[in-house]
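J.:
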Amino acid sequence: MMLDVREIHTYYGQSYILQGVSLTVGEGEVVTLLGRNGAGKTTTLRSVMGLTPARRGHVVLEGREITHRPTYAISRLGIAFVPSGRRIFSDLTVRQNLELAAHDGVAGEAVWTIERVHKVFPKLAELDSRRAGFLSGGEQQMLKLGRALVANPKLLLLDEPTEGLAPAVVGQLGEWLQLLKDEGMSMLLCEQNALFALRLASRGYILEKGRIQHEAPAAELRDSPEVRTYLGV
Amino acid sequence: MDLGNVAIQLLSGMTVAGYLFMVSAGMTLVFGAMRVINIAHGSFYMYAAFIVAAIVGKGTGASGMFWVALLVAPLIVAAMGTATEVTIMRRIYTKEHLTQLLATFALFYIFADVALQIWGGAFRSVQAAPVLTGQVNVLGRSFPKYNFFVMGVAVVVGVAMWLLLQRTKLGWRIRAAVEDPELLAATGTNVRLLFTTVFTIGALLAGVAGAVVAPLVSVAPGLDAGILVEAFIVAVIGGLGSIAGAAIGAIILGLFQAIGILWVPTWASAFTYIAMILVLAVRPWGLLGTPER
Ligand SMILES: Nc1ncnc2c1ncn2[C@@H]1O[C@H](COP(=O)(O)OP(=O)(O)OP(=O)(O)O)[C@@H](O)[C@H]1O
Ligand SMILES: [Mg+2]
Chain A
1261 MMLDVREIHT YYGQSYILQG VSLTVGEGEV VTLLGRNGAG KTTTLRSVMG LTPARRGHVV
1321 LEGREITHRP TYAISRLGIA FVPSGRRIFS DLTVRQNLEL AAHDGVAGEA VWTIERVHKV
1381 FPKLAELDSR RAGFLSGGEQ QMLKLGRALV ANPKLLLLDE PTEGLAPAVV GQLGEWLQLL
1441 KDEGMSMLLC EQNALFALRL ASRGYILEKG RIQHEAPAAE LRDSPEVRTY LGV
Chain B
989 MDLGNVAIQL LSGMTVAGYL FMVSAGMTLV FGAMRVINIA HGSFYMYAAF IVAAIVGKGT
1049 GASGMFWVAL LVAPLIVAAM GTATEVTIMR RIYTKEHLTQ LLATFALFYI FADVALQIWG
1109 GAFRSVQAAP VLTGQVNVLG RSFPKYNFFV MGVAVVVGVA MWLLLQRTKL GWRIRAAVED
1169 PELLAATGTN VRLLFTTVFT IGALLAGVAG AVVAPLVSVA PGLDAGILVE AFIVAVIGGL
1229 GSIAGAAIGA IILGLFQAIG ILWVPTWASA FTYIAMILVL AVRPWGLLGT PER
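One line per chain: the protein sequences are A and B, in this order. Under our numbering, think of the first position of the first sequence as 1261, with each following residue one higher. Under our numbering, think of the first position of the second sequence as 989, with each following residue one higher.
1) Under 8 Å, do V1320 of chain A and D1388 of chain A count as touching if we go by C-beta distance?
2) Below 7 Å on C-beta distance, what does W1160 of chain B contact in chain A?
3) Quick check: the Cα distance between V1493 of chain A and L1283 of chain A, rounded to an integer number of angstroms?
4) Taking C-beta to C-beta, are Y1323 of chain B and A1103 of chain B nearer than 8 Å?
5) Any idea what DSSP makes of M1447 of chain A, helix, strand or coil?
6) So what does DSSP say about P1313 of chain A, is it helix, strand or coil?
7) At a cut-off of 7 Å, is F1295 of chain A close to ligand 1 when judged by its beta-carbon and the heavy atoms of the ligand?
8) Take every Cβ of the segment 1330–1344 of chain A, pair it with every Cβ of the segment 1399–1419 of chain A, and state whether three or more of those distances are shorter than 8 Å.
9) Tell me the residue span of the beta strand (DSSP E) that contains D1264 of chain A.
10) If I measure Cβ to Cβ from Q1473 of chain A and keep anything under 6 Å in the same chain, skipping five residues before and after, which residues do I get?
11) Given a cut-off of 8 Å on the beta-carbon distance, is the pair V1223 of chain A and I1374 of chain A in contact?
12) Less than 8 Å between the CB atoms is what I'm expecting for M1015 of chain B and A1223 of chain B, so what's the real figure, rounded?
13) In chain order, what residues of the same chain lie with their CB nearer than 6 Å to the CB of K1441 of chain A, ignoring the 5 residues before and after it?
14) Taking the C-alpha atoms as reference points, what is the distance between T1327 of chain A and E1267 of chain A?
15) Anything in chain B within Cβ reach of L1395 of chain A, meaning under 9 Å, just list it in chain order.
16) Taking 8 Å as the CB-CB limit, is R940 of chain B close to chain A?
17) How close, in whole Å, do the beta carbons of S1012 of chain B and A1219 of chain B come, if the pair is a contact with beta carbons under 8 Å?
18) Give the interface partners of P1343 of chain A over in chain B, defined as CB-CB distance under 8 Å, in chain order.
19) With DSSP run on the structure shown, which of helix, strand or coil describes L1437 of chain A?
20) With which residues is D1419 of chain A paired in a DSSP beta bridge?
21) Beta strand (DSSP E) containing V1281 of chain A: first to last residue?
22) Using a cut-off of 9 Å between C-beta atoms, extract the partners of L1387 of chain A located in chain B.
23) Following a CB-centred definition, is S1275 of chain A positioned closer than 7 Å to any heavy atom of ligand 1?
24) Ordered along the chain, which non-local residues of its own chain (more than five positions away) have a Cβ less than 7 Å from that of V1074 of chain B?
25) I need the DSSP call for R1296 of chain A, collapsed to helix, strand or coil.
26) If you follow the alpha helix (DSSP H) that L1008 of chain B is in, where does it begin and where does it stop?
27) Does any C-beta atom of chain B lie closer than 8 Å to the C-beta of T1373 of chain A?
28) For G1464 of chain A, write down the residues that DSSP places opposite it in a beta bridge.
29) Would you say L1268 of chain B faces chain A, with C-beta separation under 8 Å as the test?
30) Indicate the three-state DSSP secondary structure (helix, strand or coil) for N1125 of chain B in the structure shown.
31) Can you find a C-beta in chain B that's less than 8 Å from the C-beta of Y1332 of chain A?
32) May I ask you to check if the CB of G1310 of chain A is nearer than 7 Å to at least one heavy atom of ligand 1?
33) When you compare the segment 1413–1433 of chain A with the segment 1344–1362 of chain A, are there three or more beta-carbon pairs, one atom per stretch, that lie closer than 8 Å?
34) Round the Cβ separation of I1240 of chain B and A1263 of chain B to the nearest angstrom and send it over; I've been treating them as touching at under 8 Å.
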């Protein structure tokens, strides 16, 4: 098991957000977490990453408990977080953004080097010395993905990667993520775009008001009237 | 008003700008990354001056102890900075502004009292090394050689800071922390350790300024509060968080004071505040600052 989230309860101050969320991601598996605005998708990823640690429950990565580890340590243990929105270091260059995140990974051998990222995203090589704040939305998405990859993670946490992207770029993103999936990368993918997510994922969870309402294989979720009505697929 | 006098005053202004820059660069660096105004920042400056005075003693400066003092004092002060960060500062980053102000204000008093216990209340004067003493001729007027040394050190410190922030991974991390510390942690940086490092560098900068300034001033209690106010004004003029802003702010303040002395000597100190009011009226967030994160 790559990631095992067991009954986590997470708060922002007094607000009780995650009320016993459990989910798993197998090795090399792509799992999606679906839910409406405010359901707690981002909070789930933040709890796994140690940014908003769970007050109760356990987060286990490959058999190792990481619930209360500091965020940087969780990153070095092999989880990369691709946040939503324009979260890049806009004051630094594209190259500096990548170099700060680069890490040989837990296995000690770098599968993903900056050179390899440049091969997959030639645009990033062109923009190497550009200030990251000047990139377009699609280019920033590439940079966020590239930054996650050079850390050589075992598990990618993706928070609404399609948000705000033009349809053509969404298609491109789907291809990149498919490539990673084919290479055996484990992923936990939060999306509002259920169609996009269910094409990549093999399994999905539906989160509502901080609780998992439903878990099923992706094919089943695609067809279920429940998902159709309530996620507007 | 002859040209020689003007030149002398401008050079004096630039000397003041030199040490003000070093102090406020430290303050603004700490604020940029950790969003804390450290009221006790001036204490590091004062301690460095006292340590230099203690090491050099009443000698003529010929013994070479001055150079030793110039090296050792900033390092001791930097170590004080590390200890302060680990014991106190790191506990208050997430607290409200008022708590932060009160905590660092308390630190300011504690440092001042401890200094009084160690060194007493008397004035001390420090002799610089012989190569740095004496006068040089500037347009027919004599001007202390030592002031050029202060300006030189400030330039070296400025260039070193620039190289650190632009060319090293540590510098990129510091800039990244200014923008998004949470994201920095998520990409594998130990931000807690980074903050300790930044605070230590801030104290070191104040320490270098205090050590260098020792021969120019009467080393005595009160140096801490005096420098704090001026360094804060410089940082605010330049834009809190911006090192280049601190450099520009220091030059503006130094030159305004020089003009004040030339023009209306009795009101010279008011020019500090006039400079601040003028800049803030046009750009409330300072010359190179950004309007809030
Ligand atoms: N920093 C915070 N402080 C307090 N409450 C928060 C904070 N961040 C999020 N919340 C609340 O927690 C709940 C879950 O938010 P979360 O961001 O996890 O939802 P989400 O499923 O990611 O939604 P979206 O699809 O809009 O991104 C929401 O009700 C939100 O208002
Ligand atoms: Mg979200």
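Yeah, the Cβ is synthetic: ideal placement off N, Cα and C, and Gly gets one too. Because the structure is a prediction, the values reported are computed rather than measured.
T.: In brief:
1) No, the Cβ-Cβ distance between V1320 of chain A and D1388 of chain A is not below 8 Å.
2) Residues of chain A with a Cβ closer than 7 Å to the Cβ of W1160 of chain B are, in chain order, L1352, Q1356, L1360.
3) Note on V1493 of chain A: pLDDT 49, under 50, position unreliable in the model; no value is reported.
4) The structure shown does not extend to residue 1323 of chain B, since chain B is modelled only from 989 to 1281, so the question has no answer here.
5) strand
6) coil
7) According to the sequence shown, residue 1295 of chain A is Gly rather than Phe. Yes; taking the cut-off as 7 Å, the Cβ of G1295 of chain A has a heavy atom of ligand 1 nearer than that.
8) yes
9) 1263–1272
10) I1466
11) Here chain A has residues from 1261 to 1493 only, and residue 1223 of chain A is not among them.
12) 5 Å
13) V1290
14) 12 Å
15) Neighbours of L1395 of chain A on chain B: none; closest Cβ ~15 Å, over 9 Å.
16) What the structure shows of chain B is the stretch from 989 to 1281, and residue 940 of chain B is not part of that stretch, so it cannot be assessed.
17) With a contact defined as Cβ atoms closer than 8 Å, S1012 of chain B and A1219 of chain B qualify at about 4 Å.
18) L1171, A1174
19) helix
20) D1419 of chain A pairs with A:C1450.
21) Here the beta strand (DSSP E) through V1281 of chain A covers 1275–1285.
22) Within chain B, no residue comes near L1387 of chain A; the closest Cβ sits about 17 Å away, beyond 9 Å.
23) yes
24) T1184
25) coil
26) 991–1022
27) no
28) A:T1292, A:A1476
29) no
30) strand
31) yes
32) no
33) yes
34) 6 Å
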